[in-house]
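Below is one structure; the comments refer to it alone.
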């Protein structure tokens, strides 16, 4: 019965196509078009042609005419085994995100974008592929990081910073990671290991700010060709904050320092919280207009939140908008994980410099706290210094966790939020400085 | 030309760190001044009354929740 049905169906299809073929073409143009695009071929040739279009074939026998998303030639390695390697790497990133819980919100979209970008033939990350379109829509013009900043602003509470303003210095000190690495990167170029320009070195060093959107913002402005590696380094190190930071924090502090209890935070009035964003933005306007795209967006989100009268907008910024943009941002960054752009020696150096930047930033924050304790006034627990790198709120949580290891009654979380949000401002200012230097 | 690059890096570092720290120091000063002004001229209306009412309410809520939990436990 089943066979009969199939036969019938095949017969119908065949007769239909035969009819169609024998029917005289309505217009000459159409028939010419058909002749151009379709010629009857024996079945074996069809199968052969199909096999040539498979992914396996594309990976085994790279197409010599294939171009990358910049329209440049690619090496055979990047068309074949490089892609396989990158696809395996994205599987590893899936594992990190799902099993280890490393920033899954961003790592998963990035990794999947990377998987899609490495598919041969389909050209998803190319100019007309959907990843390419997403990239052009919001990454190459720095739109997505800015929107993310608005959402982060709406999620940020400046209360802890306002009640203990001097902790902002810790957020400033941690930016030393950025500039220290900048020197490191140019020194590497000097020694001839790599060939980083000052722009590229600056874009790499901003990883030390531990701020994903800022890194992407700077990378697209100063060194778009390094975006994939920088974004991946930045987000993966942010995700590894709980692993990277504690050893550095412990190495630089004494047992007594880690047990320092900080005075309770005072109450911050609503008006203070409302004035603060406008005040910081005014300062940024006066001192460093180059940093205002980032700080302006950040403070816009925060102002909406603290105004208390636009709950709907605030809710959209904090949830639906930032989530939507995170998906696009992740996929867009993932598109830069194409083998020809990621599997280059530079990437290795970027990853290495990134972790140095991050560690130096952490150390500088802790040391700054120790320095502040030399002056009279309320003592600062140096463990909150590490939160000066801006990875909000992960770095603050790490400070809290390490503090609790030594004294389970010592709650440092809110104290660490102060330097943490100051770190966001600090890295935005640092970004503004770098941009202004290349104007 | 070659030696310039590292020197440039140090220049960037000096300028960058100075700007960041200066910005934050000015920000801290402004924050202190702003807090002073706000507390002096625009104090929050009756800060003592509100928490007392809310804690009373909270206490009642907590008592209600505990009572409910106990009765649920006894029933179950």
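Residue numbers (our numbering), protein chains in the order written: chain H, 18 to 456; chain L, 367 to 442. Even for Gly, the Cβ is constructed at its ideal location relative to N, Cα and C.
* Would you mind telling me which residues of chain H sit closer than 9 Å to residue 433(L), beta carbon to beta carbon, in chain order? => One finds nothing in chain H with a Cβ atom closer than 9 Å to the Cβ of residue 433(L); even the nearest lies about 30 Å away.
* Nearest residue (CA-CA) to residue 88(H), options 419(H), 381(H) and 357(H) -> 357(H)
* By Cβ distance, which residues of its chain are closer than 6 Å to residue 250(H), with the 5 residues on each side in sequence left out? -> 224, 367, 368 and 371
* Three-state secondary structure assigned by DSSP to residue 117(H) -> Annotated three-state conformation of residue 117(H) is coil, per DSSP.
* Asked: Does the Cβ of residue 86(H) have 16 or more other Cβ atoms within 10 Å, making it buried, or fewer, making it exposed?
  -> buried
* Which residues mark the beginning and the end of the alpha helix (DSSP H) in which residue 306(H) is found? -> Neither: residue 306(H) is in no alpha helix (DSSP H) and is coded neither H nor E.
* Which residues does DSSP pair with residue 84(H) in a beta bridge? -> 90(H)
* To do: Report all residues from its chain with a CB closer than 8 Å to the CB of residue 243(H); omit the five preceding and five following residues, and keep chain order.
  => 217, 220, 221, 236, 363 and 367
* Asked: For residue 99(H), is the classification buried or exposed, using 16 other Cβ atoms within 10 angstroms of its Cβ as the cut-off for buried?
  -> Under this definition residue 99(H) is a buried residue.
* So, using beta-carbon positions, are residue 163(H) and residue 310(H) closer together than 8 Å? -> Result yes, Cβ atoms of residue 163(H) and residue 310(H) sit closer than 8 Å.
* Asked: Leaving out five residues before and five after residue 209(H) in sequence, what residues of the same chain have Cβ atoms less than 8 Å from its Cβ?
  -> none
* Asked: Taking the alpha carbon of residue 292(H) as the point to measure from, which residue in 136(H), 124(H) and 319(H) has its own alpha carbon closest?
  -> Cα-wise, what sits closest to residue 292(H) is 319(H).
* Would you please state the rounded distance, in angstroms, between the beta carbons of residue 380(L) and residue 447(H)? I believe it to be under 8 Å. => Not really, about 13 Å apart at Cβ, beyond 8 Å.
* **Assumed close pair residue 276(H), residue 427(H) - CB separation to whole angstroms, cut-off 8 Å** => 7 Å
* Asked: What residue range is occupied by the uninterrupted alpha helix (DSSP H) comprising residue 254(H)?
  -> 244-256
* **Pair within 8 Å by beta-carbon distance, residue 407(H) and residue 441(H)** => yes
* Output, in chain order, the set of chain L residues within a Cβ distance shorter than 9 Å of residue 286(H). => 401, 404, 405, 408, 409, 410 and 413
* Asked: Does residue 425(L) get closer than 8 Å to chain H when you measure Cβ to Cβ?
  -> no
* Return the Cβ separation of residue 409(H) and residue 169(H) in integer angstroms, given the expectation that the two are a contact with Cβ distance under 8 Å. => 7 Å
* Asked: How would you call residue 373(L), buried or exposed, if buried means at least 16 neighbouring beta carbons within 10 angstroms?
  -> exposed
* To do: Consult DSSP for residue 401(L) and reduce its assignment to one of helix, strand or coil.
  => helix
* Spatial neighbours of residue 179(H) within its chain, please: CB distance less than 8 Å, with the 5 preceding and 5 following residues excluded, ordered by chain position. => Hits under 8 Å: 285, 289, 290 and 293.
* Using the C-alpha atoms, what's the distance from residue 69(H) back to residue 57(H)? -> 18 Å
* To do: Grab the span of the alpha helix (DSSP H) containing residue 430(H) for me, first residue to last.
  => Looking at the DSSP string, the run of the alpha helix (DSSP H) that includes residue 430(H) is 430-454.
* Asked: By a C-beta neighbour count over all protein chains shown, 10 Å radius and 16 as the cutoff for buried, is residue 297(H) buried or exposed?
  -> That one is buried.
* Asked: To which residues of the same chain is residue 437(L) closer than 6 Å at the C-beta, ignoring the five residues directly before and after it?
  -> none
* Asked: Measuring CA to CA, which of 382(H), 111(H), 432(H) and 349(H) is closest to residue 278(H)?
  -> 432(H)
* Locate the alpha helix (DSSP H) running through residue 365(H), then write down its first and last residues. => 362-389
* **Cβ neighbours of residue 197(H) in the same chain (closer than 6 Å, five flanking residues each side left out)** => 377
* To do: Scan the stretch 118-145 of chain H and note each continuous alpha helix (DSSP H) run of 4 residues or more that stays entirely inside, going in chain order.
  => With a minimum length of 4 residues, the continuous alpha helix (DSSP H) runs that stay inside the stretch 118-145 of chain H are 121-134.
* Asked: Taking three-plus beta-carbon pairs below 8 Å as touching, is the stretch 327-334 of chain H in contact with the stretch 65-79 of chain H?
  -> no
* Determine the chain L residues that contact residue 206(H) at a beta-carbon separation under 8 Å, and present them in chain order. => Per Cβ cutoff of 8 Å: 371.
* Quick one: residues in its chain with C-beta nearer than 7 Å to the C-beta of residue 438(H), no 5 flanking neighbours on either side, listed in chain order? => Cβ within range, chain order: 173, 175, 178 and 409.
* Asked: Does residue 394(L) come within less than 8 Å of chain H when only Cβ atoms are used?
  -> yes
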